[in-house]
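In the working numbering, the protein residues as written are 1267 to 1374.
All C-beta atoms in this analysis are idealised placements derived from N, C-alpha and C, irrespective of residue type, glycine included.
Owing to the predicted nature of the structure, the values given are computational and were not obtained by experimental measurement.
Please read the structure below before turning to the comments.
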Amino acid sequence: MTGHAESDAEPEITEVEAAADEDEDLFEDARRARWTATVTGVLLALMGLTAASMRVGGGVRALVPAAYGSGSAVCVFAGVLGSRGRTRWALWLMILGTMVMALGDQFD
1267 MTGHAESDAE PEITEVEAAA DEDEDLFEDA RRARWTATVT GVLLALMGLT
1317 AASMRVGGGV RALVPAAYGS GSAVCVFAGV LGSRGRTRWA LWLMILGTMV
1367 MALGDQFD
């Protein structure tokens, strides 16, 4: 101990360091949002393709597998947009694709 009041205090974080930490957090949040949108779009597309392939052989109208397939295609496009950072568009396209698949389920 030197007896100075300043020697015992912890160094203050400068504004530049605080801004760098905040930017790093924003980049991490954006990366997480892109991964979430991409993985969700791919999973919804796989579920739609699975449902379409199950309905093809089952004596239902052709509109049902077509609705599942088209909803799945919309979800694939949403996953691609999500991977490129367009997460808001990806979210709305995933909702639209799921609604199209649900509409196909109503025709069953």
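The beta carbon of residue 1349 is closer than 7 Å to those of 1300, 1304 in its chain, skipping five residues each way along the sequence. Counting other Cβ atoms within 10 Å of its Cβ, residue 1359 reaches 16 or more and is therefore classed as buried.
Per DSSP, the continuous alpha helix (DSSP H) segment holding residue 1371 begins and ends at 1353-1372. With a cutoff of 8 Å on beta-carbon distance, residue 1373 and residue 1330 are scored as near each other.
The alpha carbon of residue 1346 has as its nearest neighbour, out of 1321, 1364, 1302, the alpha carbon of 1302. The alpha-carbon separation between residue 1327 and residue 1370 amounts to approximately 10 Å. Between residue 1334 and residue 1365, the C-beta spacing is not below 8 Å. Ranked by Cα distance from residue 1332, the first of 1352, 1315, 1297 is 1315. For residue 1335, the enclosing alpha helix (DSSP H) covers residues 1329-1349.
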